[in-house]
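All letters in the sequence shown, in the order written, are residues -25 to -1, 1 to 306 by mature numbering (1 follows the signal peptide of the UniProt record, and there is no 0). Cβ atoms here follow ideal geometry from the backbone N, Cα and C, with glycine treated the same way. These figures come from a predicted structure and were not determined experimentally. Remarks on the structure that follows.
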Amino acid sequence: MRSTSLSRRALIAFAAATVVTSLLAPTAAAGAECTWQVEKLPVQDGMDWSNLRLTGVDAQGNVSGFFSPERKNHTLVRWTADGMEIVPRPEGVDAFVTIAGNASGVVIGRVYRPGAPTGSMTHTPGAGYRELPDPAGYEVLSVLDINDRGDVLGKAQLPGSPLQQAAVVWPADGGAPRVIAPAEVRYPEPVAIGEDGTVLLDSHDTAWLWRDGVLTKLPDQGSSVDPRALTRDGVIFRSPYSPRASWLWREATGALERFSVDGAVEAVNTDGLAAGVLDDGNYTAAVWQGTRFLAKLPLLPGSYESRLGAVGAGGVVAGTSGPQPVRWACR
């Protein structure tokens, strides 16, 4: 395990005081009377949608992602009340590609070192980087999700055997990674991990829930519909192709409910606040609570398109409006 102190951080603050203050402003509950607003995130010259990806939002609305000048040398970037912060990569690492973040601001990502196998790491504010070891006998292909207590979900395979795939979970307490490869699940594709450690798996046949060794087979939605996320209520499915639509499978009842306004979900938080694009031919960004449509997301003046990155535990959505990184909040 490798840890790098954050004392070597290069702190770059570009925000005006009004923008910084807005980063700390409370967010109204999605179901309350409020209006969705868009805010610019401060950037360095040369940063835009082509070399920035926003992949995480914590419970306070702080945003994380990566900057990749010339689409290489990926580096962690964080936006807080102090502005934008470029976090140095660990020693010997050429790229740290962020994938997701949790409510505490812990970020997961893949690391690339010259002449060495690709690895996996977390980064925790105030604590630094932590290497995630490969499980014995497996090679890790990707990290995919992290829950709020810090369990990390990834995908692994037996070396040289791409058909022998498995999910892998690194527990928050730093214990040995656990491999999940149920015989009943053909070609498991890990998707998401819930707050209680439940793992959502896709497969050649249908989607499954794995919870403490017990499997639950979910209704087959067909090859054009994908399991997308776990919420407190159940599983979000989506069809990313026309017609773009999303559904909530409620675990308590087994009912499958279509979203009230059609659209393909891109990101969801644990409470079921979902961000996605409408099935309107224009990829209009929008938000839902559960299956209920809330609103279209506004764009910056002069922008005509957006990209959605993550939904935080506090109800903040991060993405881009035109070339500019932004966050949306309902106030």
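So is P89 buried or exposed if we call it buried at 16+ other beta carbons inside 10 Å? The sequence position of residue 89 within the sequence shown is 114, counting from 1. An exposed status is given to P89, since fewer than 16 other beta-carbon atoms sit within 10 Å of its beta-carbon.
Are there 16 or more other CB atoms within 10 angstroms of the CB of S199, so buried, or fewer, so exposed? Residue numbering aside, residue 199 sits at position 224 when the sequence shown is read from its first letter. Classification for S199: exposed.
Tell me which same chain residues have a C-beta within less than 7 Å of the C-beta of P300, skipping the five on either side of it? Residue 300 sits at position 325 when you count from the first residue of the sequence shown. Cβ contact annotation for P300 (same chain, cutoff 7 Å, sequence separation greater than five): L16, V18, L27 and L29, in chain order.
From P273 to A285, what does the alpha carbon distance come to, in whole angstroms? Along the sequence shown, one-based indexing puts residue 273 at 298. Along the sequence shown, one-based indexing puts residue 285 at 310. Roughly 16 Å between the two C-alpha positions.
Within 8 Å, do at least three Cβ pairs link the region 207 to 217 to the region 152 to 159? Because the criterion of three Cβ pairs below 8 Å is not met, the region 152 to 159 and the region 207 to 217 do not touch.
Quick check: what's the CA-CA separation for G277 versus M22? Within the sequence shown, residue 277 is the residue found at index 302, counting from 1. Within the sequence shown, residue 22 is the residue found at index 47, counting from 1. Spanning the two alpha carbons is a distance of roughly 18 Å.
In whole angstroms, what separates the C-alpha of E60 from that of P134? In the sequence shown, residue 60 corresponds to position 85, counting from 1. In the sequence shown, residue 134 corresponds to position 159, counting from 1. Between E60 and P134, the C-alpha separation is close to 38 Å.
Looking at C-alpha atoms only, which residue of A56, A70 and E66 is the closest neighbour of E45? Here residue 45 is taken as the residue at index 70 of the sequence shown, counted from 1. Out of A56, A70 and E66, A70 has the C-alpha closest to the C-alpha of E45.
Please go through the same chain and pick out, in chain order, the residues whose beta-carbon is closer than 6 Å to the beta-carbon of F234, but skip the five residues on each side of it. Indexing the sequence shown from 1 puts residue 234 at position 259. The beta carbon of F234 sits closer than 6 Å to those of S221, W263 and T266, all from its chain and outside the five residues before and after it, given in chain order.
Could you pull the start and end residues of the beta strand (DSSP E) that Y216 belongs to? Position 241 of the sequence shown, counting from 1, holds the residue named residue 216. Per DSSP, Y216 lies in no beta strand (DSSP E) and is assigned neither H nor E.
Would you mind working out which of P165, S136 and E66 sits nearest Y104, comparing C-alpha positions? The residue labelled residue 104 in the question sits at position 129 within the sequence shown. Distance from the Cα of Y104 is smallest, within the candidate group P165, S136 and E66, for E66.
Here's a check: name, in chain order, each residue in its chain whose Cβ is nearer than 7 Å to the Cβ of P110, leaving out the five neighbours to either side. To locate residue 110, count along the sequence shown from 1; it is residue 135. Contacts found: A131, V143, P152 and V154.
Helix, strand or coil for P44 per DSSP? Numbered from 1 along the sequence shown, position 69 holds the residue referred to as residue 44. Looking at P44 - three-state DSSP - the assignment turns out to be helix.
Return yes when the Cβ of S95 is within less than 8 Å of the Cβ of G129, no when it is not. As a first step, residue 129 must be located in the sequence shown, where it is residue number 154. As a first step, residue 95 must be located in the sequence shown, where it is residue number 120. In contact: G129 and S95 (Cβ atoms closer than 8 Å).
Cα-Cα separation, Y216 to A141: To locate residue 216, count along the sequence shown from 1; it is residue 241. To locate residue 141, count along the sequence shown from 1; it is residue 166. Using only the alpha carbons, I get a separation of about 27 Å.
Work out the CA separation of A260 and A58 for me, nearest whole Å. Here residue 58 refers to the residue found at position 83 of the sequence shown. Here residue 260 refers to the residue found at position 285 of the sequence shown. Residue 58 is actually Gly in this sequence, not Ala. About 25 Å.
Apply the 10 Å Cβ neighbour rule to residue 315 and answer buried if 16 or more other Cβ atoms are within range, or exposed otherwise. Look at the range of the chain in this structure, -25 to 306, and you will see that residue 315 is not part of it.
Does the beta-carbon of V291 have 16 or more other beta-carbons within 10 angstroms, so that it is buried, or is it exposed? As a working mapping, residue 291 is identified with position 316 in the sequence shown. V291 comes out buried.
Could you check which residue in W145, Y113 and I83 has the C-alpha nearest to that of G40? To locate residue 40, count along the sequence shown from 1; it is residue 65. Of W145, Y113 and I83, the residue nearest in Cα terms is I83.
Under 8 Å between the Cβ atoms of residue 336 and L248? As displayed, the chain neither begins before -25 nor continues past 306, which places residue 336 out of reach and without an answer.
Which same chain residues end up closer than 7 Å to H179 when comparing Cβ atoms and leaving out the 5 residues on each side of it in sequence? Reading the sequence shown from its first residue, position 204 is the one you call residue 179. Closer than 7 Å at the Cβ level, and outside the excluded window around H179, lie R161 and Y162.
Excluding sequence positions up to five away, which residues of its chain have a Cβ less than 7 Å from the Cβ of S(-4)? Taking the sequence shown and counting its residues from 1, the one referred to as residue -4 is at position 22. At S(-4) the pLDDT is 46, less than 50, meaning the model places this residue with poor confidence and gives no usable figure here.
Return yes when the Cβ of L51 is within less than 8 Å of the Cβ of V38, no when it is not. Looking up residue 38 in the sequence shown gives position 63. Looking up residue 51 in the sequence shown gives position 76. The answer is no: Cβ separation not under 8 Å.
Tell me the DSSP secondary structure of F234 in three-state form. The residue given as residue 234 occupies position 259 in the sequence shown. Looking at F234 - three-state DSSP - the assignment turns out to be coil, as it is neither helix nor strand.
Residues of its chain near G169, where Cβ-Cβ distance is below 7 Å and the 5 sequence neighbours each way are ignored: For this step, residue 169 is matched to residue 194 along the sequence shown. The beta carbon of G169 lies closer than 7 Å to those of N122 and L205 in the same chain, with the five residues before and after it left out.
Given a threshold of 16 other Cβ atoms within 10 Å of its Cβ, counted over all protein chains shown, does V72 qualify as buried or as exposed? Stepping through the sequence shown from its first residue, residue 72 is reached at position 97. That one is buried.
Residue from T228, D187, V86 and A182 with nearest C-alpha to V118: Stepping through the sequence shown from its first residue, residue 118 is reached at position 143. Among T228, D187, V86 and A182, the Cα nearest to that of V118 is on V86.
At the level of alpha carbons, what is the spacing between F42 and V240? Here the question's residue 42 lines up with position 67 in the sequence shown. Here the question's residue 240 lines up with position 265 in the sequence shown. Spanning the two alpha carbons is a distance of roughly 24 Å.
Is it the case that the Cβ atoms of T125 and G287 are separated by a distance below 8 Å? Start at 1 with the first residue of the sequence shown, and residue 125 comes out as number 150. Start at 1 with the first residue of the sequence shown, and residue 287 comes out as number 312. Note on identity: in this sequence residue 125 is Gly, with Thr being the wrong assignment. For G125 and G287, no; Cβs fall outside 8 Å.
Reference L184; option with closest CA among V166, Q196 and G80: As a first step, residue 184 is located in the sequence shown; it is residue number 209 there, counting from the start. Nearest to L184 by C-alpha distance, out of V166, Q196 and G80, is V166.
Since G289 contacts A56 with CB under 8 Å, what's their CB separation in whole angstroms? As a working mapping, residue 289 is identified with position 314 in the sequence shown. As a working mapping, residue 56 is identified with position 81 in the sequence shown. Contact flag wrong, Cβ pair sits at about 14 Å.
What residues match up with Q139 in a beta bridge as DSSP calls it? Locating residue 139 in the sequence shown gives position 164, where the first residue counts as 1. BP columns for Q139 are empty, so no partner.
How is the beta strand (DSSP E) around H98 delimited, first residue to last? For this step, residue 98 is matched to residue 123 along the sequence shown. Counting along the chain, H98 sits inside the beta strand (DSSP E) bounded by residues G94 to T99.
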